[in-house]
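Protein chains in written order, with this note's numbering: chain A, 1 to 60; chain B, 1 to 436.
All C-beta atoms, glycine included, are put in the ideal place defined by N, C-alpha and C.
For reference, the structure is listed below as structure tokens.
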Amino acid sequence: MKYAGLLVMPAGFFLTVAALVLFPASAERNFFVLCGLAVEGLGLGVAVRGHMLVRGESRP
Amino acid sequence: MNPAVPVPPAPVFTLSETAVALTLALLLLAPLALAGLALLNAGFGRSRSAAQALLGDLSIVSVAVIVFAAVGAAIAGNSSAAGHTFYLGGTSWNWIGSGPLFLKSFHIAPVQAQLETLFQFLAVALGAMIAWGSGADRWRLSAGCAAAAVFAAVVFPFGAHWIWGGGWLARLGANFGLGAGFLDAGGAAMVHAAGGLSALAVVWIVGPRRGKFPKEGFSTAMPGHQVVYVLFGCLLCLVGWLAWNTAGAVLWAQAPLTALPITAVNTVLSASAALLATFTVTRLRFGKPDASMCANGWLAGLVASSACAALVTPVESFFVGAVAGIATPLLVELLELALSIDDPSGAVTVHGVAGLWGLLAAGFFAPQAGQLLAQLIGIAAILGLIFPVVYLLFALLNRFIPFRVDPDGERIGMDLHELGGGAYPEFVIHRDESYR
């Protein structure tokens, strides 16, 4: 979970870069950049979830 | 894609002699921000770790600066240095500087390039210090220095080159028509956002302090041991930030000297609005204002101003600071209670989130078309590329130099365990209730 989320985040970044290269039109470019950020957000969410402590489990 | 080849730098504007003298004077005041942050880091920790916290700040600054001089400055480059470029989609992407190692030929570089490198020296020191406060009371000094070396050698220089060294983020305007390219005059991106996200990586790797999250019930409150240090650190930070934002405006936003007073006014307004907003939120939530949280709000306002103080109007700056001040106490609470993130100094929120908010606000309020998209792409690079790289590098480093102190060291305090003596030898250190 921890590493899966962190690996998804660069995918979002490359989506934003691809948007720059592939879409000269403003609307499509904006949409894909926002999609890239959304993918990064999802990855961050998964990483946060993977690092959260579960109540009752062994902890320092 | 072509192999990487060095390309000459783009033409840059040159500073007048007056601007050079003023910028140098401002950069000599900027280390007050480091002093303020060091006091904040020490004050937010516990008394049994205070000396280790302050020595750690000094050590981290020393390591970061030396490593940056040896390696990082060559990667980061400056506006008059060449860079390596590849071609993709018919566009050149300047991704890494090609300066000499160990600052060779620094003394014969143009004075503007020297000032830019000096700015980056201070920036890398501040960025490396940010995570130290988040690992307070359990992060070993040697591991902190090693993490600072990684930050100064690899993480910071790439981002600094992309933003300040004529890299691909700075060229978004020229290459893709996105405003003036990614704008960050005060270091909100590679100092604060990257530093705050490094803090998150550290917190995840070292884990929470012993007893912070008991098996049953809410998290244990572990207030900082010296709120006076914290609040005085905030005042020092104000002076440092005023110098930082105005020097950055001259160097990176090409602001004329006549634009510096409004940059300073915007910096103060943002911090003040943030403080009052945090004061009000904590007053409403807890019945009384929370001094530590107000300090965090003040700092969040300063951090948010780093990206946009040179670009916005005073009213807009007030708004930026107020949003940062409202969000700070709510996010600190959310991170601790809901997400189990034990961040004693609140750096993840104060530097990470407020830095990203400032970058976004610069895009909202900038007059150029496409500026918001340029800012979003810069944010995507920090969040989607730099943060995972920092985490993986720190996790790898943790295998060789364990970040977390052993349980006995944490129990007796980092001062005794790592330095052999406490910061307050005449005080009786009481037993921590959380160890019962």
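Ordered along the chain, which non-local residues of its own chain (more than five positions away) have a Cβ less than 6 Å from that of residue i?
i: residue 13(A); result: none
i: residue 175(B); result: 91
i: residue 354(B); result: 300, 303, 304 and 324
i: residue 35(B); result: 236
i: residue 409(B); result: 417
i: residue 263(B); result: 245, 246, 249, 309 and 310
i: residue 289(B); result: 279, 282 and 283
i: residue 210(B); result: 410
i: residue 118(B); result: 27
i: residue 41(A); result: none
i: residue 20(B); result: 111
i: residue 255(B); result: 249 and 310
Could you name the residues of chain A that residue i contacts, counting a contact when the two beta carbons are closer than 7 Å?
i: residue 176(B); result: 20
i: residue 162(B); result: Here the premise fails: no neighbours, minimum Cβ distance about 12 Å.
i: residue 204(B); result: 51
Find the residues of chain B that neighbour residue i, judging by a C-beta separation of less than 8 Å, and give them in chain order.
i: residue 132(A); result: What is shown of chain A runs 1 to 60, which leaves residue 132(A) out entirely.
i: residue 33(A); result: 373, 376, 377 and 380
i: residue 45(A); result: Residues of chain B passing the Cβ test: none, with the nearest at roughly 10 Å.
Could you tell me which residues DSSP puts in a beta bridge with residue i?
i: residue 94(B); result: 85(B)
i: residue 404(B); result: 139(B)
What residues of chain A sit near residue i, judged by a beta carbon separation below 8 Å?
i: residue 88(B); result: 21
i: residue 229(B); result: Near residue 229(B) there are no residues of chain A at all, since even the closest Cβ is about 26 Å away, more than 8 Å.
Quick one: residues in its chain with C-beta nearer than 7 Å to the C-beta of residue i, no 5 flanking neighbours on either side, listed in chain order?
i: residue 179(B); result: 173, 366, 368, 369, 370, 371 and 374
i: residue 207(B); result: 404
i: residue 273(B); result: 301, 318, 321, 322 and 325
i: residue 121(B); result: 65 and 68
i: residue 331(B); result: 349 and 353
i: residue 379(B); result: 356, 359 and 360
i: residue 46(A); result: 1, 4, 5 and 8
i: residue 389(B); result: 155
i: residue 97(B); result: 74, 75, 76, 77, 81, 83, 161 and 165
i: residue 100(B); result: 74
i: residue 265(B); result: 314
i: residue 171(B); result: 94 and 181
Give me, in chain order, the residues of the same chain whose beta-carbon lies closer than 8 Å to that of residue i; leave out the 5 immediate sequence neighbours on both sides.
i: residue 48(A); result: 5
i: residue 203(B); result: 134, 135, 341, 342, 343 and 348
i: residue 419(B); result: 51, 52 and 55
i: residue 7(B); result: Because the pLDDT at residue 7(B) is just 48, under 50, the model does not fix this residue reliably, and the value given afterwards should be weighed accordingly. Counting only Cβ-Cβ distances below 8 Å, and skipping sequence neighbours, we find 82, 83, 84, 85, 92 and 94.
i: residue 40(B); result: 133, 229, 230, 233, 234, 237, 295, 299 and 345
i: residue 424(B); result: 47 and 50
i: residue 23(B); result: 15, 115, 247, 250 and 251
i: residue 52(A); result: none
i: residue 329(B); result: 278, 281, 282, 285, 290, 293, 296 and 297
i: residue 421(B); result: 51 and 415
Quick one: which chain B residues come within Cβ less than 7 Å of residue i?
i: residue 48(A); result: 339
i: residue 12(A); result: 380 and 384
Interface residues of chain B around residue i at Cβ under 9 Å?
i: residue 9(A); result: 383, 384, 385, 387 and 388
**Asked** Counting pairs of Cβ atoms below 8 Å between the region 411-418 of chain B and the region 43-55 of chain B, do you hit three or more?
**Response** yes
**Request:** Evaluate contact between the region 237-252 of chain B and the region 356-369 of chain B, counting only Cβ atoms and requiring at least three cross-stretch pairs below 8 Å.
**Result:** no
**Item:** Three CB pairs or more closer than 8 Å across the region 385-405 of chain B and the region 146-163 of chain B
**Value:** yes
**Message:** Taking 8 Å as the cut-off, does the region 292-311 of chain B touch the region 180-188 of chain B (at least 3 CB pairs, one atom from each stretch)?
**Reply:** yes
**Prompt:** Per the contact definition of three or more C-beta pairs closer than 8 Å, is the region 210-227 of chain B in contact with the region 336-354 of chain B?
**Reply:** yes
**Asked** Got a sec: which bits of the region 322-342 of chain B sit with their beta carbon under 7 Å from any beta carbon on chain A, in order along the chain?
**Response** 339 and 340
**Message:** Pairs of beta-carbons, one from the region 160-167 of chain B and one from the region 64-79 of chain B, closer than 8 Å: are there three or more?
**Reply:** yes
**Item:** Short-range partners of chain A found in the region 340-364 of chain B, where Cβ spacing is below 9 Å
**Value:** 340 and 341
**Message:** Count Cβ pairs between the region 125-139 of chain B and the region 58-74 of chain B that sit closer than 8 Å; are there 3 or more?
**Reply:** yes
**Request:** Scan the region 390-407 of chain B for residues whose Cβ lies nearer than 8 Å to a Cβ of chain A and list them as they occur along the chain.
**Result:** 391, 392 and 407
**Message:** Between the region 375-390 of chain B and the region 28-37 of chain A, can you find at least three pairs of beta-carbon atoms closer than 8 Å?
**Reply:** yes
**Item:** Proximal residues, the region 136-158 of chain B versus chain A, C-beta separation under 9 Å
**Value:** 138
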